[in-house]
Amino acid sequence: DSGVTQTPKHLITATGQRVTLRCSPRSGDLSVYWYQQSLDQGLQFLIQYYNGEERAKGNILERFSAQQFPDLHSELNLSSLELGDSALYFCASSPNRGGGGSGNTIYFGEGSWLTVV
Amino acid sequence: DQQVKQNSPSLSVQEGRISILNCDYTNSMFDYFLWYKKYPAEGPTFLISISSIKDKNEDGRFTVFLNKSAKHLSLHIVPSQPGDSAVYFCAASTYNQGGKLIFGQGTELSVKP
Numbered sequence: 006d007s008g009v010t011q012t013p014k015h016l017i018t019a020t021g022q023r024v025t026l027r028c029s030p031r032s033g034d035l036s037v038y039w040y041q042q043s044l045d046q047g048l049q050f051l052i053q054y055y056n057g058e059e060r061a062k063g064n065i066l067e068r069f070s071a072q073q074f075p076d077l078h079s080e081l082n083l084s085s086l087e088l089g090d091s092a093l094y095f096c097a098s099s100p101n102r103g104g105g106g107s108g109n110t111i112y113f114g115e116g117s118w119l120t121v122v
Numbered sequence: 106d107q108q109v110k111q112n113s114p115s116l117s118v119q120e121g122r123i124s125i126l127n128c129d130y131t132n133s134m135f136d137y138f139l140w141y142k143k144y145p146a147e148g149p150t151f152l153i154s155i156s157s158i159k160d161k162n163e164d165g166r167f168t169v170f171l172n173k174s175a176k177h178l179s180l181h182i183v184p185s186q187p188g189d190s191a192v193y194f195c196a197a198s199t200y201n202q203g204g205k206l207i208f209g210q211g212t213e214l215s216v217k218p
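Each protein sequence line maps, in turn, to chains A and B. The numbering of the first sequence is my numbering, which starts it at 6 and goes up by one. The numbering of the second sequence is my numbering, which starts it at 106 and goes up by one.
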């Protein structure tokens, strides 16, 4: 158990819909990361928040957005869903803002499996 | 543009023998490298890491070697145990990209009893 909690674990929704994935980081961690794992793309970095502010951004689609709240939990919002958005979405956390050395070790949750039908 | 590559999708090893998982990278700006292990239906679990200023880091049965000139790192598991059977991902980061990790595609290790 990494201490990172993600909900829901599984979600099935229709194309065009909007879903929200939720993540609670490990106690004391200030950074939250979102990764997408699909069959053909491996683990792809989406976005990082540090203490409520966006810190780093990957190839996150415009239909996707995220935020980190004052209590440090984070939500990933996926809208206008397409079949290709079906994937495992991981949240991860780390104590600090990252950027070098051991600060870049991040700890993953168990993931939210999204199926778009 | 795959900056981190694991060219072997799978590896099978006998229990007690050495497992060697390889990873190549293209970005010379990477300064920190990590290995994660992933079991089915679970998130990746941090295993071991190495800074670019070192060429070796050891933690129990796990040793990571870094060859910067070849842009290559490897994970050695000695001795291999059936419980080590999992997918192993290498990942890399640079100091100026926050906590962003670039992952390889993974190598599925199977340790046979």
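Just so it is clear, CB atoms sit at the ideal spot from N, CA and C, and this is done for glycine as well.
Per-residue burial, residue i [other beta carbons within 10 Å of its own, 16 or more giving buried]
i	result
F208 (chain B)	buried
I52 (chain A)	buried
P75 (chain A)	exposed
S191 (chain B)	The amino acid at residue 191 (chain B) is misidentified as Ser; the sequence shows Ala. By the 10 Å Cβ count, A191 (chain B) comes out buried.
K143 (chain B)	buried
Q73 (chain A)	buried
L88 (chain A)	exposed
Q22 (chain A)	exposed
L119 (chain A)	buried
K205 (chain B)	buried
R122 (chain B)	exposed
V183 (chain B)	exposed
L44 (chain A)	exposed
Q11 (chain A)	buried
CB contact check: residue i to chain B, cutoff 8 Å
i	result
Q53 (chain A)	yes
F69 (chain A)	no
E115 (chain A)	yes
S32 (chain A)	no
G63 (chain A)	yes
T12 (chain A)	no
R60 (chain A)	yes
G103 (chain A)	yes
F95 (chain A)	yes
G8 (chain A)	no
Chain A within 8 Å of residue i, Cβ atoms only
i	result
P149 (chain B)	yes
F208 (chain B)	yes
G211 (chain B)	yes
L180 (chain B)	no
Chain D within 8 Å of residue i, Cβ atoms only
i	result
G165 (chain B)	In summary, chain D is missing from the structure at hand, where the protein chains are A and B.
Closest by C-alpha distance to residue i, when choosing among the options
i	options	result
Q46 (chain A)	A:L93, A:G33, A:A97, A:A71	A:L93
S29 (chain A)	A:F50, A:G116, A:V122, A:T120	A:G116
D129 (chain B)	B:K110, B:E147, B:P145, B:L139	B:K110
E80 (chain A)	A:D90, A:Y38, A:G103	A:Y38
F69 (chain A)	A:G57, A:Q41, A:R60	A:Q41
V9 (chain A)	A:V24, A:D34, A:R60	A:D34
D6 (chain A)	B:F151, B:S215, B:D164	B:F151
Check whether residue i and residue j have beta carbons under 8 Å apart
i	j	result
L116 (chain B)	T199 (chain B)	no
A197 (chain B)	F135 (chain B)	yes
Y112 (chain A)	R31 (chain A)	yes
T110 (chain A)	S157 (chain B)	no
D90 (chain A)	V121 (chain A)	yes
L77 (chain A)	T18 (chain A)	no
Coil, strand or helix - residue i by DSSP
i	result
G8 (chain A)	coil
G47 (chain A)	strand
D76 (chain A)	coil
L88 (chain A)	helix
D164 (chain B)	strand
D189 (chain B)	helix
S36 (chain A)	strand
D136 (chain B)	coil
L66 (chain A)	coil
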